[in-house]
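K.L.:
Below you'll find the structure I mean.
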Amino acid sequence: MTALAPTKFLLGEDQVPRHWVNLLPDLPGDPMPPLNPATKQPAGPDDLTPIFPGYLIAQEVSVEPEIEIPDAVREAYALWRPTPLYRARRLERVLDTPARIYFKYEGVSPAGSHKPNTAVAQAWANAQAGARKLATETGAGQWGSALAFACSLFGLECEVFMVGSSYDQKPYRRSMMEAWGATVHRSPSDRTQSGRASASHPTGSLGIAISEAVEVAAQDPSCNYALGSVLNHVLLHQTVIGQESIAQMEMAGDEPDVVVACVGGGSNFGGLVFPWLRRNLRHGATTRFLATEPAACPTLTRGVYAYDYGDTAGLTPLMPMYTLGHDFVPPPVHAGGLRYHGDSPVVSALVHHGLVEARAYRQSETFTAAVEFARTEGIIPAPEPAHALKGAVDEALAAREAGEERVILFGLCGHGNFDMGAYDAFLAGRLEDPEFSADDMRRALDALPQGVPALA
60 MTALAPTKFL
70 LGEDQVPRHW
80 VNLLPDLPGD
90 PMPPLNPATK
100 QPAGPDDLTP
110 IFPGYLIAQE
120 VSVEPEIEIP
130 DAVREAYALW
140 RPTPLYRARR
150 LERVLDTPAR
160 IYFKYEGVSP
170 AGSHKPNTAV
180 AQAWANAQAG
190 ARKLATETGA
200 GQWGSALAFA
210 CSLFGLECEV
220 FMVGSSYDQK
230 PYRRSMMEAW
240 GATVHRSPSD
250 RTQSGRASAS
260 HPTGSLGIAI
270 SEAVEVAAQD
280 PSCNYALGSV
290 LNHVLLHQTV
300 IGQESIAQME
310 MAGDEPDVVV
320 ACVGGGSNFG
330 GLVFPWLRRN
340 LRHGATTRFL
350 ATEPAACPTL
360 TRGVYAYDYG
370 DTAGLTPLMP
380 MYTLGHDFVP
390 PPVHAGGLRY
400 HGDSPVVSAL
410 VHHGLVEARA
420 YRQSETFTAA
430 VEFARTEGII
440 PAPEPAHALK
450 GAVDEALAAR
460 EAGEERVILF
470 GLCGHGNFDM
480 GAYDAFLAGR
490 LEDPEFSADD
500 MRRALDALPQ
510 GVPALA
């Protein structure tokens with residue numbers, strides 16, 4: 060009997076990473092601090108203490124290359140980690156490519172995405188600091204459901220402001236959050252000054268929802284704010300993904316020529332890529348890195364590299380990042396987790412220095428790739444990682460055209476089982492393809508804050 064070629068590469072629970080990887084010490088160029096939104100001067104720990112516990116603030120500026128994962132967090136991780144690495148052999152055959160395609164699958168977590176990797180760490184840190192409640196935003200609902208789950212583990216209340224278009228498109232994500240005990244509001248809401256000021260944008264945006272959550276946290280001493288992406292401590296917690304994938308690729312006897320992940324704020328991308336990228340920076344590896352994003356919200360490919368607010372109302376510190384302008388409200392594409400005007404300062408710096416390539420894809424072409432993947436590999440991807448999948452498919456087709464072998468690793472950061480409305484629209488031919496226009500770009504430039512340092 061012929062032995063089956065391996066499809067899954069699995070690690071044991073004792074191989075859950077013991078440290079998070081901090082890429083800050085390895086970034087090229089001088090560090091650029093966040094700025095206080097009122098004074099435009101470098102923000103210090105005191106600017107963040109009203110909404111974050113000291114444990115997370117310390118991680119935000121740490122120069123330690125690795126940070127130990129607390130035992131209570133690793134114990135919670137073991138509910139679903141390590142996650143599997145798959146070889147997409149059936150997709151390879153359909154594409155008729157000499158490339159070998161692997162994907163790291165985060166959809167096996169209780170919330171169905173990579174988001175619990177930081178939600179659990181943040182909920183634990185806030186519980187240790189004596190917080191009673193966490194307030195947050197969510198786009199597609201992946202982050203909100205992850206934080207609701209994590210708060211249930213550590214006895215915290217959870218209040219979520221969900222972007223209006225996703226609230227309408229994905230009602231069962233809201234049900235998921237409520238099943239874990241969270242309170243969910245459609246954003247913009249009438250519960251906050253920020254929400255009321257944005258009532259003219261009924262579809263909402265992550266920037267608006269962030270403003271609402273930050274406002275709630277700042278006004279309640281027992282409530283802190285939890286962010287699902289962008290900041291360094293969030294990306295740091297996600298690096299368990301990349302560390303596991305390095306061990307699993309060794310099990311497979313392969314090493315990626317290119318690593319692909321989607322980018323909204325940057326947490327999924329950083330989680331998979333940073334441990335691999337450190338090998339390039341420290342050991343001379345030559346792996347390529349590809350960040351994929353929506354053509355409707357093309358922050359890395361068409362944005363401006365500048366200091367900008369992380370939210371619409373200007374309540375958060377200004378961060379050095381690629382941005383489309385903090386008041387940009389993207390069209391209501393189904394990849395709600397990628398509808399953010401800015402990007403992680405760390406990911407932005409990597410793109411700025413040429414260490415990461417970025418590509419933007421239209422909504423319809425990502426769903427074409429997603430359906431092909433579902434019909435070959437069986438997993439229905441969430442709309443967000445469908446962008447990474449499209450990038451991986453393009454790399455595989457390029458390898459076919461060049462007649463060369465190529466090892467491709469991409470991040471499948473969540474399943475699409477709650478995104479059937481999007482698939483229904485695609486299969487019925489009703490899916491729209493909005494793109495970022497020249498007028499959008501002019502408005503973005505006009506909205507950038509004044510009186511801040513220019514970025515070279």
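According to my numbering, the sequence shown holds residues 60 to 515 in order.
Heads up, the beta-carbon is just placed ideally off N, CA and C, and yes, glycines get one too.
Of all the options 266, 215, 223, 252, which has the alpha carbon lying nearest to the alpha carbon of residue 241?
P.N.:
Along the sequence shown, one-based indexing puts residue 241 at 182. For the residues 266, 215, 223, 252, the minimum Cα distance to residue 241 belongs to 215.
K.L.:
Should the stretch 108-128 be called in touch with the stretch 431-446, which here means at least 3 C-beta pairs below 8 Å?
P.N.:
Result no; under three Cβ-Cβ pairs closer than 8 Å.
K.L.:
Go through its chain and collect everything with a Cβ distance to residue 293's Cβ below 7 Å, but skip five positions before and after it.
P.N.:
If you number the sequence shown from 1, residue 293 lands on position 234. Correct list, in chain order: 177, 286, 287, 326.
K.L.:
Do the stretch 330-341 and the stretch 80-87 make contact, defined as three or more Cβ pairs closer than 8 Å?
P.N.:
Contact between the stretch 330-341 and the stretch 80-87 is present, because at least three Cβ pairs lie under 8 Å.
K.L.:
Quick check on this structure: which residue in 483, 462, 432 has the alpha carbon closest to the alpha carbon of residue 146?
P.N.:
On the sequence shown, residue 146 is found 87 positions in, with the first residue counted as 1. Comparing Cα positions, the closest option is 432.
K.L.:
On the DSSP letters alone, give me the boundaries of the alpha helix (DSSP H) that residue 245 sits inside.
P.N.:
Taking the first residue of the sequence shown as position 1, residue 245 is located at position 186. Where residue 245 is concerned, there is no enclosing alpha helix (DSSP H), although the beta strand (DSSP E) it sits in stretches over 242-246.
K.L.:
If you draw a straight line from the alpha carbon of residue 281 to that of residue 386, how long is it in whole angstroms?
P.N.:
Counting from one through the sequence shown, the residue named residue 281 turns up at place 222. Counting from one through the sequence shown, the residue named residue 386 turns up at place 327. Their Cα atoms are separated by approximately 29 Å.
K.L.:
Can you look up residue 482 in the DSSP assignment and give me helix, strand or coil?
P.N.:
As a working mapping, residue 482 is identified with position 423 in the sequence shown. In the structure shown, residue 482 sits in a helix (DSSP, three-state: H, G or I).
K.L.:
Thinking C-beta only, is residue 348 closer than 8 Å to residue 332?
P.N.:
Locating residue 332 in the sequence shown gives position 273, counting from the first residue. Locating residue 348 in the sequence shown gives position 289, counting from the first residue. Cβ atoms of residue 332 and residue 348: closer than 8 Å.
K.L.:
DSSP puts residue 367 in a beta bridge; with which residues?
P.N.:
Mapped onto the sequence shown, residue 367 falls at position 308. Beta-bridge pairing links residue 367 to 378.
K.L.:
Ignore the nearest five residues each way along the sequence and tell me which others in residue 226's own chain have a CB closer than 7 Å to its CB.
P.N.:
To locate residue 226, count along the sequence shown from 1; it is residue 167. Taken in chain order, the residues that qualify are 233, 245.
K.L.:
Grab me the residues of residue 156's own chain with a C-beta within less than 7 Å of its C-beta, minus the 5 sequence neighbours each way, in chain order.
P.N.:
As a position in the sequence shown, residue 156 is number 97, starting the count at 1. Closer than 7 Å at Cβ, skipping near neighbours: 455, 456, 458, 459.
K.L.:
Who pairs with residue 197 in a beta bridge, going by DSSP?
P.N.:
Numbered from 1 along the sequence shown, position 138 holds the residue referred to as residue 197. Residue 197 is bridged to 221.
K.L.:
Shortest alpha-carbon distance to residue 66 belongs to which of 161, 109, 141?
P.N.:
As a working note, residue 66 is residue 7 in the sequence shown. Ranking the options by Cα distance to residue 66, first place goes to 161.
K.L.:
In whole angstroms, give me the CA-to-CA distance for residue 487 and residue 261.
P.N.:
Counting from one through the sequence shown, the residue named residue 487 turns up at place 428. Counting from one through the sequence shown, the residue named residue 261 turns up at place 202. Each residue's alpha carbon lies about 26 Å from the other.
K.L.:
For residue 492 and residue 355, what's the separation of their Cα atoms in angstroms?
P.N.:
Stepping through the sequence shown from its first residue, residue 492 is reached at position 433. Stepping through the sequence shown from its first residue, residue 355 is reached at position 296. Their backbone Cα atoms lie some 8 Å apart in a straight line.
K.L.:
Can you tell me which of 101, 134, 496, 140 puts its alpha carbon nearest to the alpha carbon of residue 301?
P.N.:
For the purposes of this step, residue 301 is identified with residue 242 of the sequence shown, where counting begins at 1. Comparing Cα-Cα distances from residue 301 to each of 101, 134, 496, 140, the minimum goes to 140.
K.L.:
Taking the alpha-carbon positions, what's the residue 22 to residue 388 distance?
P.N.:
Nothing in the structure corresponds to residue 22, since the chain is present only between 60 and 515.
K.L.:
Using only alpha-carbon positions, find the residue among 237, 209, 198, 317 that is nearest to residue 228.
P.N.:
The residue you call residue 228 lines up with position 169 of the sequence shown. Nearest C-alpha to residue 228: 198.
K.L.:
State the DSSP-derived secondary structure class of residue 407, mapped to helix, strand or coil.
P.N.:
On the sequence shown, residue 407 is found 348 positions in, with the first residue counted as 1. Reduced to three states, the DSSP call for residue 407 is helix.
K.L.:
With residue 470 as the anchor, note down where its alpha helix (DSSP H) starts and where it stops.
P.N.:
On the sequence shown, residue 470 is found 411 positions in, with the first residue counted as 1. Careful: residue 470 lies outside any alpha helix (DSSP H), inside the beta strand (DSSP E) at 466-471.
K.L.:
Following the continuous alpha helix (DSSP H) through residue 439, name the residue where it begins and the one where it ends.
P.N.:
By 1-based counting over the sequence shown, the position of residue 439 is 380. Neither: residue 439 is in no alpha helix (DSSP H) and is coded neither H nor E.
K.L.:
On a CA-only basis, which of 481, 368, 376, 447 is nearest residue 111? Give me that one, please.
P.N.:
Start at 1 with the first residue of the sequence shown, and residue 111 comes out as number 52. Of the listed residues, the one whose Cα sits closest to residue 111 is 376.
K.L.:
I need the boundaries of the beta strand (DSSP E) containing residue 309, first residue and last residue.
P.N.:
Indexing the sequence shown from 1 puts residue 309 at position 250. Run containing residue 309: none in the beta strand (DSSP E); it sits in the alpha helix (DSSP H), 299-311.
K.L.:
Leaving out five residues on either side along the sequence, give the residues of the same chain with a beta carbon under 6 Å from the beta carbon of residue 218.
P.N.:
If you number the sequence shown from 1, residue 218 lands on position 159. 194, 242, listed in sequence order.
K.L.:
Measure the CB-CB distance between residue 158 and residue 256 and report whether it falls below 8 Å.
P.N.:
Here residue 158 refers to the residue found at position 99 when the sequence shown is read from its first residue. Here residue 256 refers to the residue found at position 197 when the sequence shown is read from its first residue. No, Cβ-Cβ distance for residue 158 and residue 256 is not below 8 Å.
K.L.:
Could you pull the start and end residues of the beta strand (DSSP E) that residue 144 belongs to?
P.N.:
On the sequence shown, residue 144 is found 85 positions in, with the first residue counted as 1. 144-146 is the extent of the beta strand (DSSP E) around residue 144.
K.L.:
Looking at the strands, I want to know which residues DSSP matches up with residue 172.
P.N.:
Taking the sequence shown and counting its residues from 1, one reaches residue 172 at position 113. Beta-bridge pairing links residue 172 to 473.
K.L.:
Would you call the stretch 310-318 and the stretch 201-208 in contact, with 3 or more CB pairs under 8 Å?
P.N.:
Touching, no.
K.L.:
What does a CB cutoff of less than 6 Å around residue 409 pick up in its chain, not counting 5 residues either side in sequence?
P.N.:
Taking the first residue of the sequence shown as 1, we reach residue 409 at position 350. Excluding positions up to five away in sequence, the list reads 415.
K.L.:
Would DSSP call residue 207 helix, strand or coil?
P.N.:
For this step, residue 207 is matched to residue 148 along the sequence shown. In the structure shown, residue 207 sits in a helix (DSSP, three-state: H, G or I).
K.L.:
Ends of the alpha helix (DSSP H) at residue 506?
P.N.:
Residue 506 sits at position 447 when you count from the first residue of the sequence shown. Run containing residue 506: 497-506, per the alpha helix (DSSP H) assignment.
K.L.:
Is any non-hydrogen atom of the ligand ADP found closer than 7 Å to the C-beta of residue 450, if you look at the structure I gave you?
P.N.:
For the ligand ADP, the structure offers nothing, since it holds no ligand at all.
K.L.:
What is the DSSP secondary structure of residue 230, counted as helix, strand or coil?
P.N.:
To locate residue 230, count along the sequence shown from 1; it is residue 171. Three-state DSSP puts residue 230 in a helix.
K.L.:
Taking the Cβ atom as the reference point for each residue, do residue 196 and residue 274 lie within a distance shorter than 8 Å?
P.N.:
Within the sequence shown, numbered from 1, the residue matching residue 196 stands at position 137. Within the sequence shown, numbered from 1, the residue matching residue 274 stands at position 215. No. Outside cutoff.
K.L.:
With burial defined as no fewer than 16 other Cβ atoms inside 10 Å of the residue's Cβ, what is the status of residue 353: buried or exposed?
P.N.:
Position 294 of the sequence shown, counting from 1, holds the residue named residue 353. Burial call: buried.
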